[in-house]
Amino acid sequence: MFDLLIRNGLVATPGNEPAPLDIGVSDGRIVAIMSPGTPAEARDTLDATGRLVLPGMLDVHVHLGHGNDISRPRQPSDAASETAAAASGGVTTIIPFILAAEEHSTIFDGIAATTSAGARVDFGYHLIISTEEQLAKVPDYVADYGIPSFKIFMNNRNGEGKRLGLPDIDDGYLYRLAEVCAANNAMVCPHPESIEVAHYLREKVMKADPEGAGGLASWNASRPPFVEADAIIRAGRLCKAAGAPIYVVHTSSAEALEAALAARAMGVDIIIETCPHYLTHDVTWDRGTVGKINPPLREKADCGALWQGILDGDVDTIASDHVHRTIAGKDGGIWKASPGCPGLETLLPVMLTEGHHKRGLPISRIVAMLAENPARAMGLWGRKGAIEPGFDADFTLVDIDRAYTLDQADLLSDAGYSIYEGWDFRGKVTDTLVRGRAVYRDGRIVADSAGHGTYLRRQLS
Numbered sequence: 004m005f006d007l008l009i010r011n012g013l014v015a016t017p018g019n020e021p022a023p024l025d026i027g028v029s030d031g032r033i034v035a036i037m038s039p040g041t042p043a044e045a046r047d048t049l050d051a052t053g054r055l056v057l058p059g060m061l062d063v064h065v066h067l068g069h070g071n072d073i074s075r076p077r078q079p080s081d082a083a084s085e086t087a088a089a090a091s092g093g094v095t096t097i098i099p100f101i102l103a104a105e106e107h108s109t110i111f112d113g114i115a116a117t118t119s120a121g122a123r124v125d126f127g128y129h130l131i132i133s134t135e136e137q138l139a140k141v142p143d144y145v146a147d148y149g150i151p152s153f154k155i156f157m158n159n160r161n162g163e164g165k166r167l168g169l170p171d172i173d174d175g176y177l178y179r180l181a182e183v184c185a186a187n188n189a190m191v192c193p194h195p196e197s198i199e200v201a202h203y204l205r206e207k208v209m210k211a212d213p214e215g216a217g218g219l220a221s222w223n224a225s226r227p228p229f230v231e232a233d234a235i236i237r238a239g240r241l242c243k244a245a246g247a248p249i250y251v252v253h254t255s256s257a258e259a260l261e262a263a264l265a266a267r268a269m270g271v272d273i274i275i276e277t278c279p280h281y282l283t284h285d286v287t288w289d290r291g292t293v294g295k296i297n298p299p300l301r302e303k304a305d306c307g308a309l310w311q312g313i314l315d316g317d318v319d320t321i322a323s324d325h326v327h328r329t330i331a332g333k334d335g336g337i338w339k340a341s342p343g344c345p346g347l348e349t350l351l352p353v354m355l356t357e358g359h360h361k362r363g364l365p366i367s368r369i370v371a372m373l374a375e376n377p378a379r380a381m382g383l384w385g386r387k388g389a390i391e392p393g394f395d396a397d398f399t400l401v402d403i404d405r406a407y408t409l410d411q412a413d414l415l416s417d418a419g420y421s422i423y424e425g426w427d428f429r430g431k432v433t434d435t436l437v438r439g440r441a442v443y444r445d446g447r448i449v450a451d452s453a454g455h456g457t458y459l460r461r462q463l464s
């Protein structure tokens, strides 16, 4: 007898478009995938008639914080609100970043416990490596915590790191991180910017537009695509020389995508990520500083190039780069506003609406970019990312043709706003299950689901 039987849905198995199948779940894992109507008994049955049954989505680029601080969650409610947002958008696994000047082992257990106490979905962590002490401990982070992915801010130079309370670094430091990652089956996740050029351009653009009247266009001009592309090529060469894989975060422009593909062509082991906001928003957006993000929103042509990269199979993963500071952080004009926006609850809906319905993107391709590929990239394949026997029973149920308008009152992130407010969506998440348990049911968060999420140790394949 199964613990749970999911019947009558169209089920997305790896590489296939959704098809009629039934699913048996026991002890939080998928134990059977059966032809429709196969005789079976279960303690509980979920009737998925009229809905797609997709694997739970993985958002592997998330910032959990507290108030204006996005370095780490400080109390369980920080995780409870943001994982509620995740579940409402069909995301069952998140991997946030920890930003700290401290050596990570001195704070990690407390951060994981705080997150676990509030999390409704499962979670891992990336560590941001910025100090000599942290760099020396990378082998221990891999072995002791199951963390094989390490972010580095290539822009922390010429005093830029002080803004985050971090020391300046250089390409030698990046290369040394790549070496230790190569030796310990780990991966480098660089934030790619050639910051010296950006500093020069910012001064130049601010002199011409001191009040920031140019809004998003001025922000883009101060950190233009070639600054991103140059750093991607540089990071790719260094990681290839060291023998380390590289995961390029938040690819925002045609030029950056071209640089990443050029690195791939020269033999770099590279995974390319982009974010929904770079597909749907550009410098002409009329809400101005609300759209200040780093890398900046680009031109309409860049949105088109990234969509083409998705359609061509060049882009590997889509992630939100979720930041849950409130809208108050956008005050003060383009030069003072804080960068970033929330996106956990709209990650999948954007891809269903703008990708599947508007551009004909197959559901199987969306599942690959939001579930299968991130699970493989981040060392979770075999447990997360697919509807297959032995995998965790993480499911996203979608009414693929249901239309709705995103209203501020519907938002669950404590950011309290979305760049998609007022947008018409098509394709509604109705239910989200994590290890066989419903955490979002019939369009509502399950009240006692906080604390169900568990920490995931990871190992790259």
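In our numbering, the protein residues as written are 4 to 464. Just so you know, even glycine gets a beta-carbon here, dropped at the ideal spot from N, CA and C.
Separation of Gly-332 from Asn-71, as counted between CA atoms: Here residue 71 refers to the residue found at position 68 when the sequence shown is read from its first residue. Here residue 332 refers to the residue found at position 329 when the sequence shown is read from its first residue. Distance between the alpha carbons of Asn-71 and Gly-332: 7 Å.
Length of the line joining the Cα atoms of Ala-371 and Gly-59: Translated into the one-based positions of the sequence shown, residue 371 becomes position 368. Translated into the one-based positions of the sequence shown, residue 59 becomes position 56. Each residue's Cα considered, the two are about 11 Å apart.
8 Å CB neighbourhood of Ile-132 in its chain, flanking five on each side removed: If you number the sequence shown from 1, residue 132 lands on position 129. Once the five neighbours on either side are set aside, the close Cβ partners of Ile-132 are Leu-138, Val-141, Phe-153, Lys-154, Ile-155, Leu-180.
Ile-294 (DSSP reduced to helix, strand or coil): Reading the sequence shown from its first residue, position 291 is the one you call residue 294. The identity of residue 294 in the sequence shown is Gly, whereas the question assumes Ile. If DSSP states are grouped into helix, strand and coil, Gly-294 belongs with the helices.
DSSP-derived helix/strand/coil call for Pro-21: Counting from one through the sequence shown, the residue named residue 21 turns up at place 18. Coil, per DSSP.
Val-230 and Ser-197 closer than 8 Å at C-beta: As a first step, residue 230 is located in the sequence shown; it is residue number 227 there, counting from the start. As a first step, residue 197 is located in the sequence shown; it is residue number 194 there, counting from the start. Going by C-beta atoms, Val-230 is nearer than 8 Å to Ser-197.
Through-space distance from Asp-285 to Trp-222, alpha-carbon basis: Here residue 222 refers to the residue found at position 219 of the sequence shown. Here residue 285 refers to the residue found at position 282 of the sequence shown. Taking the straight line from one Cα to the other gives about 11 Å.
Among Ala-232, Gly-246, Leu-169, nearest to Val-252 - alpha-carbon criterion: What you label residue 252 is simply residue 249 of the sequence shown in a count that begins at 1. The shortest C-alpha separation from Val-252 is found at Ala-232.
Proximity test, Val-252 beta-carbon vs the ligand GTP heavy atom, cut-off 7 Å: As presented, the structure is devoid of all ligands, the ligand GTP included, so that no description of it is given.
Contact under 8 Å by Cβ, Glu-199 with Asn-161: The count along the sequence shown starts at 1 and reaches residue 199 at position 196. The count along the sequence shown starts at 1 and reaches residue 161 at position 158. Yes, Cβ-Cβ distance for Glu-199 and Asn-161 is below 8 Å.
Span of the alpha helix (DSSP H) around Met-209: For the purposes of this step, residue 209 is taken as residue 206 along the sequence shown, with counting starting at 1. Here the alpha helix (DSSP H) through Met-209 covers 198-211.
Residue(s) in a DSSP beta bridge with Leu-57: As a first step, residue 57 is located in the sequence shown; it is residue number 54 there, counting from the start. Answer is Thr-399, bridged to Leu-57.
Between the CA atoms of Val-353 and Gly-419 - distance to the nearest angstrom: Mapped onto the sequence shown, residue 419 falls at position 416. Mapped onto the sequence shown, residue 353 falls at position 350. Roughly 18 Å between the two C-alpha positions.
Limits of the unbroken beta strand (DSSP E) element including Asp-410: Stepping through the sequence shown from its first residue, residue 410 is reached at position 407. Neither: Asp-410 is in no beta strand (DSSP E) and is coded neither H nor E.
Three-pair Cβ contact test at 8 Å for the region 202-221 versus the region 280-295: yes
DSSP-derived helix/strand/coil call for Leu-219: Numbered from 1 along the sequence shown, position 216 holds the residue referred to as residue 219. Leu-219: helix per DSSP, three-state reduction.
Selected residue, minimal CA-CA separation from Pro-392, among Val-28, Val-34, Ala-22: Counting from one through the sequence shown, the residue named residue 392 turns up at place 389. It is Val-34.
Where Arg-386 falls: helix, strand or coil (DSSP): As a first step, residue 386 must be located in the sequence shown, where it is residue number 383. Correct three-state label for Arg-386: coil.
Gly-425 versus Ala-103, Pro-79, Thr-408, residue with shortest Cα-Cα distance: Numbered from its first residue, the sequence shown carries residue 425 at position 422. Considering only alpha carbons, the answer is Thr-408.
Whole-number beta carbon distance between Gly-382 and Pro-99, since they are thought to touch under 8 Å: Here residue 99 is taken as the residue at index 96 of the sequence shown, counted from 1. Here residue 382 is taken as the residue at index 379 of the sequence shown, counted from 1. Incorrect: roughly 16 Å between the Cβ atoms, too far for contact.
CB contact flag (Val-65, His-325, <8 Å): In the sequence shown, residue 65 corresponds to position 62, counting from 1. In the sequence shown, residue 325 corresponds to position 322, counting from 1. For Val-65 and His-325, yes; Cβs fall inside 8 Å.
Alpha-carbon spacing of Arg-205 relative to Ile-235, whole angstroms: For the purposes of this step, residue 205 is taken as residue 202 along the sequence shown, with counting starting at 1. For the purposes of this step, residue 235 is taken as residue 232 along the sequence shown, with counting starting at 1. Roughly 20 Å between the two C-alpha positions.
Pairwise C-alpha distance: Gly-358 and Leu-309: Numbered from its first residue, the sequence shown carries residue 309 at position 306. Numbered from its first residue, the sequence shown carries residue 358 at position 355. Distance between the alpha carbons of Leu-309 and Gly-358 is about 12 Å.
Reduced DSSP category for Pro-461 - H, G, I as helix; E, B as strand; rest coil: Working through the sequence shown from its first residue, we reach residue 461 at position 458. The amino acid occupying residue 461 in the given sequence is Arg; Pro does not appear at that position. Arg-461: coil per DSSP, three-state reduction.
Nearest neighbour of Gly-168, chosen from Glu-214, Glu-105, Phe-5, Tyr-148 [CA to CA]: Locating residue 168 in the sequence shown gives position 165, counting from the first residue. Of the candidates Glu-214, Glu-105, Phe-5, Tyr-148, the one whose C-alpha sits nearest the C-alpha of Gly-168 is Glu-105.
CB contact flag (Ile-97, Ala-89, <8 Å): Numbered from its first residue, the sequence shown carries residue 97 at position 94. Numbered from its first residue, the sequence shown carries residue 89 at position 86. Yes, they are a contact pair.
With 16 other Cβ atoms within 10 Å as the buried cut-off, status of Pro-377: On the sequence shown, residue 377 is found 374 positions in, with the first residue counted as 1. So Pro-377 ends up on the buried side.
Buried or exposed by the 16-neighbour rule on C-beta atoms within 10 Å, applied to Glu-20: The residue labelled residue 20 in the question sits at position 17 within the sequence shown. By the 10 Å Cβ count, Glu-20 comes out exposed.
Neighbourhood of Asp-171 by C-beta distance below 6 Å, restricted to the same chain and skipping five residues each side: By one-based count along the sequence shown, residue 171 stands at place 168. Excluding sequence neighbours, Asp-171 sits near Asn-159, Arg-160, Gly-164.
Distance between Val-318 and Ile-274 (C-alpha atoms, nearest Å): The count along the sequence shown starts at 1 and reaches residue 274 at position 271. The count along the sequence shown starts at 1 and reaches residue 318 at position 315. Approximately 8 Å between the Cα atoms of the pair.
Assigned secondary structure, Thr-356 (DSSP; H/G/I helix, E/B strand, else coil): Residue numbering aside, residue 356 sits at position 353 when the sequence shown is read from its first letter. Looking at Thr-356 - three-state DSSP - the assignment turns out to be helix.
Backbone secondary structure at Thr-283 - three-state DSSP: Along the sequence shown, one-based indexing puts residue 283 at 280. In this structure, Thr-283 counts as helix in the three-state DSSP scheme.
7 Å Cβ shell around Arg-438 - same chain, five flanking residues per side excluded: Reading the sequence shown from its first residue, position 435 is the one you call residue 438. Gly-31, Asp-395, Ala-396, Asp-397, listed in sequence order.
Pairwise C-alpha distance: Asn-297 and Gly-343: Against the sequence shown, residue 343 aligns to sequence position 340. Against the sequence shown, residue 297 aligns to sequence position 294. Rounded to the nearest angstrom, the two C-alpha atoms are 7 Å apart.
Under 8 Å between C-beta atoms of Val-94 and Leu-436: Along the sequence shown, read from residue 1 onward, the residue named residue 94 stands at position 91. Along the sequence shown, read from residue 1 onward, the residue named residue 436 stands at position 433. Contact: no.
Ile-97 - partner residues in DSSP beta bridges: Stepping through the sequence shown from its first residue, residue 97 is reached at position 94. Beta-bridge pairing links Ile-97 to Asp-62, Phe-126.
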